[in-house]
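Our numbering puts the first residue of the sequence shown at 54, with every later residue one more than the last. Data first, discussion second: the structure below is written as structure tokens.
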Amino acid sequence: MSSVENIESVNVAVIGGGPAGLMAAEALAAGGARVDVFDAMPSVGRKFLMAGKGGMNLTHSEPADAFLARYGARSPNIAPLLARFDAGALRNWVHGLGVETFVGSSGRVFPTDMKAAPMLRAWLHRLRASGVTFHMRHRWLGWVEEGASMSRFATPSGEKRVRHEAIVLALGGASWPQLGSDGRALPVLAARGVPVRPFVPSNCGFDVAWSEHFSSRFAGAPLKSVAIGTPRVDGAPDWRIGECLITDQGIEGSLIYALSAPIRDRIAESGGAGATILIDLAPQFSVERVRDEVLHPRGARSISSHLQSRLHLTGVKAGLLRECVSKDEFADLDTLAARIKALPLRLLRPRPIEEVISSAGGVEFEALDARSMLSALPGVFCAGEMLDWEAPTGGYLLTACFASGLVAGEGALAWLAERA
54 MSSVENIESV NVAVIGGGPA GLMAAEALAA GGARVDVFDA MPSVGRKFLM AGKGGMNLTH
114 SEPADAFLAR YGARSPNIAP LLARFDAGAL RNWVHGLGVE TFVGSSGRVF PTDMKAAPML
174 RAWLHRLRAS GVTFHMRHRW LGWVEEGASM SRFATPSGEK RVRHEAIVLA LGGASWPQLG
234 SDGRALPVLA ARGVPVRPFV PSNCGFDVAW SEHFSSRFAG APLKSVAIGT PRVDGAPDWR
294 IGECLITDQG IEGSLIYALS APIRDRIAES GGAGATILID LAPQFSVERV RDEVLHPRGA
354 RSISSHLQSR LHLTGVKAGL LRECVSKDEF ADLDTLAARI KALPLRLLRP RPIEEVISSA
414 GGVEFEALDA RSMLSALPGV FCAGEMLDWE APTGGYLLTA CFASGLVAGE GALAWLAERA
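Structure below.
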């Protein structure tokens, strides 16, 4: 790297050009601050655009209480953010960009064209018109001195130093690092006394030790209309119906993602021994009905044909039953019936964080004041997925990122006003 460039000065530096950072920049600019956005990538919003490739799920239309509950143990921390900018406010904000939205059959909210790019282009045009300046290919390296008023950046032309009156960190989590969020900021903050938790996979698939026979036949097969049970603290399974996908390495998909946090935590508690989930292959039938059908006389038919005829167990469901049930259990019809309604499947580990949808961990909320400023570092604000929270897919991740960015930006404005 070449020698350090001359020091530059800005009013407020926003580090990270994802939804949280851009929302912080918008709030700051609206309040009269001079805002400079720095991002390590050649362009901003890369993960936002990637998330929109399958249809830009902006938020969800369910009632506020149910919406807030999606954030689990961090619901009390997310509540003040959503009180400032909730799902309805997000929809109105999107409409203000000239983009209309609609509510899908699942309750999820999308732009009418299902695309992220037009919205991002309109947003960036508005930000530039408000005076926000963008600096691409500027990777934040931390601070120069003991305080937090001068940052170091790696740029294509060498290291740059930038003095700022306030700084908003919106550096994202650790999933999809090729899009810019790689978790490198956490050690920098931890070294300054900021409480952090390591990033871990969220909304992720899991590895399973499939036999070669099963993997070669069923990798890529959707497992539809099943229920998955995860153990609660009291030991009773908590069941949820949905769909998932068999992969050559394990299992993933919407139903697995929705349950990934408790499964991941149970694996961590096991010390690497894995966690067992239960799969109900026939959730449309009661336990009694399944037992009656399995025990129904089958004459000369094979047991496979019998299960296909009486319970519609074919394809990947039949294959999974064979994969997870021993020959002795298969021969014992009472046991077989029980396994159809509660098939144990051992999950070994989450998929690597680099390939999962989102991450948990990051800066603990306890490190922040009500304005999202770090207590250990006055003038430093945090927002977005770099905070220690998680949520399922369905628009909840994006909504909280927008809300936290707005609160951090407004918090930085208030802090600057106090010092003026």
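From the three backbone atoms N, C-alpha and C, an ideal C-beta is built for every residue, glycine too. Every value quoted in this text rests on a predicted model; they were computed, and no experiment measured them.
### Query
With a CB to CB cut of under 8 Å and the five nearest residues on each side skipped, what residues in its chain are close to Leu232?
Met94, Arg99, Lys100, Met103
### Task
Can you say whether Gly464 is buried or exposed, counting buried as having 16 or more other CB atoms within 10 angstroms of its CB?
buried
### Query
Hey, is Ala274 close to the ligand ZN, as in C-beta under 8 Å from one of its heavy atoms?
In the structure shown, the ligand ZN is absent, as is every other ligand, since no ligand is present at all.
### Query
CB Gly447 to CB Gly160, shorter than 9 Å?
yes
### Message
For Arg404, would you say it is in contact with chain B, using Cβ-to-Cβ distances shorter than 9 Å as the test?
### Response
In the structure shown, chain B cannot be found, because there is only a single protein chain.
### Query
Is the beta carbon of Ala444 less than 9 Å from the beta carbon of Arg123?
yes
### Query
In its own chain, which residues sit with a C-beta less than 7 Å from the C-beta of Asn130, not counting the 5 before and 5 after it?
Phe418, Trp442
### Contact between the segment 403-418 and the segment 165-179 (3+ Cβ pairs under 8 Å)
no
### Message
Counting C-beta neighbours from all protein chains within 10 Å, is the total for Met54 16 or more, i.e. buried, or is it exposed?
### Response
Any reading at Met54 needs caution, since the residue's pLDDT is 39, under 50, leaving its predicted position unreliable; the model's value is listed next. By the 10 Å Cβ count, Met54 comes out exposed.
### Task
Starting from Thr388, trace the alpha helix (DSSP H) both ways and give me its first and last residue.
386-394
### Query
In the structure shown, what three-state DSSP assignment does Pro240 receive?
helix
### Query
When you compare only the Cα positions, how much space is there between Leu135 and Cys257?
25 Å
### Task
Quick one: grab the DSSP three-state call for Arg317.
helix
### Bridge-paired residues (DSSP) for His359
In DSSP, His359 forms no bridge with anything.
### Query
Could you give the residue range of the beta strand (DSSP E) that holds Cys454?
Cys454 -> not in any beta strand (DSSP E); alpha helix (DSSP H) instead, spanning 449-472.
### Cα-Cα separation, Gly324 to Arg399
14 Å
### Task
Work out the CA separation of Arg285 and Ile316 for me, nearest whole Å.
10 Å
### Query
Could you give the distance in angstroms between the alpha-carbon of Gly107 and the alpha-carbon of Leu450?
16 Å
### Message
Which of the three DSSP states is assigned to Ser55 in this structure?
### Response
Because Ser55 carries a pLDDT of 42, less than 50, the predicted location of this residue cannot be relied on, and no value is offered for it.
### Task
Kindly list the residues whose CB is nearer than 8 Å to the CB of Pro350, restricted to its own chain and excluding five residues on each side of it in sequence; keep chain order.
none
### Message
So, at 6 Å on beta carbons, what are the nonlocal neighbours of Val343 in its own chain, with the 5 sequence-adjacent residues on each side left out?
### Response
Ala335, Ala390, Ile393, Lys394
### Message
Less than 9 Å between the beta carbons of Thr9 and Val156, yes or no?
### Response
The chain is shown only over 54 to 473; residue 9 falls outside these bounds and no answer can be derived.
### Query
Where Ala223 and Val247 are concerned, what is the direct C-alpha to C-alpha distance, given to the nearest angstrom?
15 Å
### Query
In the structure shown, what three-state DSSP assignment does Cys377 receive?
helix
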